[in-house]
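Protein chains in written order, with UniProt numbering: chain A, 1 to 206; chain B, 1 to 265.
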Amino acid sequence: MALEKVELEHVPPTYQVYAAFFRNVSNAEFLHAQLLSRNSEFEYAFIDASSVISRLHLLSAVYSAVNVLLDGALRTPNVHSEIVVTIFNTANILQIADAYRRWGITPGKTKDLVVVKVVQPPSGPQDETQTQIHAQNAIWDHLRQNVQGTPAALTDAELSQVTDWPKVRKYYRLNGVPALDRLTDEKERWKQSESLAIMGMALRGL
Amino acid sequence: MAADAQFPPPKVLTYPASAPPSLITQGAEGRVYKTTHLLPDRPSALKYRPPKPYRHPILDARLTKARISSEAKVLERCWREGVPVPPVYAMDPAAGWMMMEWIEGIPVRVGINEWLGERPEDGEEPAEAAEEAPLIDLMKRIGTAVGALHRTGVVHGDLTTSNMMLRQRKEDQVNGGTGAESKAKAVAGDVVIIDFGLATQSMADEDRAVDLYVLERAFASTHPRAERLFATVLESYKHTFKKAPSVLIKLEDVRLRGRKRSMLG
Numbered sequence: 001m002a003l004e005k006v007e008l009e010h011v012p013p014t015y016q017v018y019a020a021f022f023r024n025v026s027n028a029e030f031l032h033a034q035l036l037s038r039n040s041e042f043e044y045a046f047i048d049a050s051s052v053i054s055r056l057h058l059l060s061a062v063y064s065a066v067n068v069l070l071d072g073a074l075r076t077p078n079v080h081s082e083i084v085v086t087i088f089n090t091a092n093i094l095q096i097a098d099a100y101r102r103w104g105i106t107p108g109k110t111k112d113l114v115v116v117k118v119v120q121p122p123s124g125p126q127d128e129t130q131t132q133i134h135a136q137n138a139i140w141d142h143l144r145q146n147v148q149g150t151p152a153a154l155t156d157a158e159l160s161q162v163t164d165w166p167k168v169r170k171y172y173r174l175n176g177v178p179a180l181d182r183l184t185d186e187k188e189r190w191k192q193s194e195s196l197a198i199m200g201m202a203l204r205g206l
Numbered sequence: 001m002a003a004d005a006q007f008p009p010p011k012v013l014t015y016p017a018s019a020p021p022s023l024i025t026q027g028a029e030g031r032v033y034k035t036t037h038l039l040p041d042r043p044s045a046l047k048y049r050p051p052k053p054y055r056h057p058i059l060d061a062r063l064t065k066a067r068i069s070s071e072a073k074v075l076e077r078c079w080r081e082g083v084p085v086p087p088v089y090a091m092d093p094a095a096g097w098m099m100m101e102w103i104e105g106i107p108v109r110v111g112i113n114e115w116l117g118e119r120p121e122d123g124e125e126p127a128e129a130a131e132e133a134p135l136i137d138l139m140k141r142i143g144t145a146v147g148a149l150h151r152t153g154v155v156h157g158d159l160t161t162s163n164m165m166l167r168q169r170k171e172d173q174v175n176g177g178t179g180a181e182s183k184a185k186a187v188a189g190d191v192v193i194i195d196f197g198l199a200t201q202s203m204a205d206e207d208r209a210v211d212l213y214v215l216e217r218a219f220a221s222t223h224p225r226a227e228r229l230f231a232t233v234l235e236s237y238k239h240t241f242k243k244a245p246s247v248l249i250k251l252e253d254v255r256l257r258g259r260k261r262s263m264l265g
């Protein structure tokens, strides 16, 4: 199964984070329409993979959003939109639509898609292990039925194949940064760009 | 446990992680914990400014938020400009915490003292220049790091050898080697400046000179036996940016009058 259960530090075990990666997605229009119509079966963070630098970059956004959720301080309707808005590092939350356009799913543009699902604790008492297994299978079945694309591993190697660097550099203000420009080693530059993007998200709104 | 009860950790650290957080330092304004960011193999330093019971809650919340935010902004600015500082990983200004890279290594203070520790206490014979080369090189690296900081328009506000870390280089992590080699390791590594809690943005010679003066005084009291080497720090600082020489001239004035500016004018 290509739906990964992601374990994050400082996240209570009653919250489960799942993530998947699809290449060559052909039905972005359909998925976008489900978001617009607020179809409650489509509570996912859909992120255009071309704006993702690495796993750490993605997970930082997920963690920030979950932390905001734990604080009870969501600025957007739910944790999934919070993830998309977090990865789009601006102070102005009125630009949610903009965030979706740049980082979320865009009809006609999105080819590669990262999907994140945060499952929150059930309100009533239940057998947790059973529920978790059930949830993971159910989420994956639902995604496989509705996302027309090729499942891929959510690794830096896979993600880096689709990163749109001009876009990422522009939105994270990575152009003309002395700390990056002086580097000649490609790998080092990638690592430092990742750090700067993570820092940009952490400092969003300051 | 008693200490835990007296100093409750921030809420974020009460959620489970692969290893429990450990309290590293406790200052007047805040605390630093060692913890992890996202993954078990990503160590991180968490700086926490707890609420102050003696302040009005609204004022307290505002001050805490402003101070954490300003420290993070300074770190980002420095990092972008290539000043050796830890990058910020995550933060929650309202909750009063910020996570940044955990610098693997020892404070410069400890490194210098380890180096000096092996020298005979009374033997005043001046060391051979070649023998002291690793320590002198560290002085140069300190001067370069402080110069890079000042060049970006940031003044640290509390420069000491405790607020600089020696980031261990991979090749130095193996233990062993001869006596001289292991001694040199104590002062090896990249200098990383930390704790920007009192940092301000300033391009003024005066502020930069006071920054250097504070370091000079701290250095003299922490490492009296290495005091004469401080000139090397200043010498390498001098070449880091265009206005550095005039900062050093200003430093001479500051030495005569102390850290505080004249109350006249």
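Backbone N, C-alpha and C define an ideal beta-carbon position, used for all residues, glycine too.
Check for me: the alpha helix (DSSP H) holding B:L23 runs from which residue to which?
Here residue 23 of chain B corresponds to residue number 23 of the second sequence, with the count starting at 1. In this chain, B:L23 is not harboured by any alpha helix (DSSP H); it is covered by the beta strand (DSSP E) spanning 22-26.
Can you pull the DSSP bridge partners for A:K5?
Residue mapping note: residue 5 of chain A aligns to position 5 of the first sequence, counting from 1. In the DSSP output, where bridge partners are listed per residue, A:K5 has A:Y18.
Within 9 Å of any Cβ in chain B, is that where the Cβ of A:N175 sits?
Taking the first sequence and counting its residues from 1, one reaches residue 175 of chain A at position 175. No, because no Cβ of chain B sits closer than 9 Å to the Cβ of A:N175.
Please list the segments of the alpha helix (DSSP H) lying wholly inside the stretch 134-215 of chain B, counting only runs of 4 or more residues, in order along the chain.
179-186
Does any residue of chain A bring its CB to less than 9 Å from the CB of B:E181?
The count along the second sequence starts at 1 and reaches residue 181 of chain B at position 181. It does not; no Cβ of chain A falls within 9 Å.
Are any of the Cβ atoms in chain B nearer than 9 Å to that of A:S195?
Residue numbering aside, residue 195 of chain A sits at position 195 when the first sequence is read from its first letter. At least one chain B Cβ lies under 9 Å of A:S195.
Starting from B:E101, follow its DSSP beta bridges and name the residues at the other end.
Counting from one through the second sequence, the residue named residue 101 of chain B turns up at place 101. Paired residues: B:S44.
Under 9 Å, Cβ to Cβ, is there at least one residue of chain A near B:E81?
By one-based count along the second sequence, residue 81 of chain B stands at place 81. Closer than 9 Å: yes.
Just list the residues that DSSP pairs B:P107 with in beta bridges.
By one-based count along the second sequence, residue 107 of chain B stands at place 107. Beta-bridge pairing links B:P107 to B:M165.
Just to make sure I have the definition right: I need the residues of chain A whose C-beta is within less than 8 Å of the C-beta of B:M91. Which are they?
As a working mapping, residue 91 of chain B is identified with position 91 in the second sequence. Those are A202, L203, listed as they occur along chain A.
Please state the DSSP three-state secondary structure of B:T35.
Mapped onto the second sequence, residue 35 of chain B falls at position 35. Looking at B:T35 - three-state DSSP - the assignment turns out to be strand.
Can a CB atom of chain B be found closer than 9 Å to the CB of A:I198?
Looking up residue 198 of chain A in the first sequence gives position 198. With 9 Å as the cut-off, A:I198 counts as an interface residue toward chain B.
Taking a Cβ distance cut-off of 9 Å, strictly less, list which residues of the stretch 58-83 of chain A are near chain B, in chain order.
L59, S60, V62, Y63, S64, N67, V68, L70, D71, A73
Look at the Cβ atom of A:S180, then the Cβ atom of A:R189, and state whether they are nearer than 9 Å.
As a working mapping, residue 180 of chain A is identified with position 180 in the first sequence. As a working mapping, residue 189 of chain A is identified with position 189 in the first sequence. Residue identity differs from the one stated: residue 180 of chain A is Leu in this sequence, not Ser. Yes, the Cβ-Cβ distance between A:L180 and A:R189 is below 9 Å.
So that I know if they touch, is there some Cβ in chain B lying closer than 9 Å to that of A:R182?
By 1-based counting over the first sequence, the position of residue 182 of chain A is 182. Chain B, which has a Cβ nearer than 9 Å to the Cβ of A:R182, makes this yes.
Mind listing which residues of the stretch 21-37 of chain A have their C-beta closer than 9 Å to chain B's C-betas, in chain order?
none
Is it true that the CB of B:L248 sits closer than 9 Å to the CB of B:L215?
The residue you call residue 215 of chain B lines up with position 215 of the second sequence. The residue you call residue 248 of chain B lines up with position 248 of the second sequence. When the beta-carbon positions are compared, B:L215 and B:L248 stay at least 9 Å from each other.
Would A:E29 and A:G108 qualify as a contact pair, given that the criterion is a beta-carbon distance under 9 Å?
In the first sequence, the residue the question calls residue 29 of chain A occupies position 29. In the first sequence, the residue the question calls residue 108 of chain A occupies position 108. Here A:E29 is near A:G108, since their CB atoms are less than 9 Å apart.
Hey, A:Q136 and A:K5 are a contact pair by Cβ (cut 8 Å); roughly how many whole angstroms apart?
Residue 136 of chain A sits at position 136 when you count from the first residue of the first sequence. Residue 5 of chain A sits at position 5 when you count from the first residue of the first sequence. Contact flag correct, Cβ pair sits at about 6 Å.
Using the Cα positions of B:E71 and B:A95, report the straight-line distance between them to the nearest angstrom.
Looking up residue 71 of chain B in the second sequence gives position 71. Looking up residue 95 of chain B in the second sequence gives position 95. The alpha-carbon atoms of B:E71 and B:A95 are separated by roughly 15 Å.
Between the stretch 100-114 of chain B and the stretch 232-242 of chain B, can you find at least three pairs of beta-carbon atoms closer than 8 Å?
no
Under three-state DSSP, which class holds A:D112?
As a working mapping, residue 112 of chain A is identified with position 112 in the first sequence. Here A:D112 sits in coil by DSSP.
Which residues in the same chain as B:R49 place their Cβ atom closer than 7 Å to its Cβ, once the five residues preceding and following it in sequence are excluded?
To locate residue 49 of chain B, count along the second sequence from 1; it is residue 49. E29, G30, T64, R67, I68, G96.
List, in chain order, every chain A residue whose beta-carbon is nearer than 7 Å to that of B:Y213.
In the second sequence, the residue the question calls residue 213 of chain B occupies position 213. Result: empty, since nearest Cβ-Cβ is about 28 Å, beyond 7 Å.
Does any C-beta atom of chain E lie closer than 9 Å to the C-beta of A:E9?
As a matter of chain content, chain E is missing from the structure shown, whose protein chains are A and B.
Cβ closer than 8 Å: which chain B residues qualify as neighbours of A:A179?
Working through the first sequence from its first residue, we reach residue 179 of chain A at position 179. W79, R80, E81, G82, listed in chain order.
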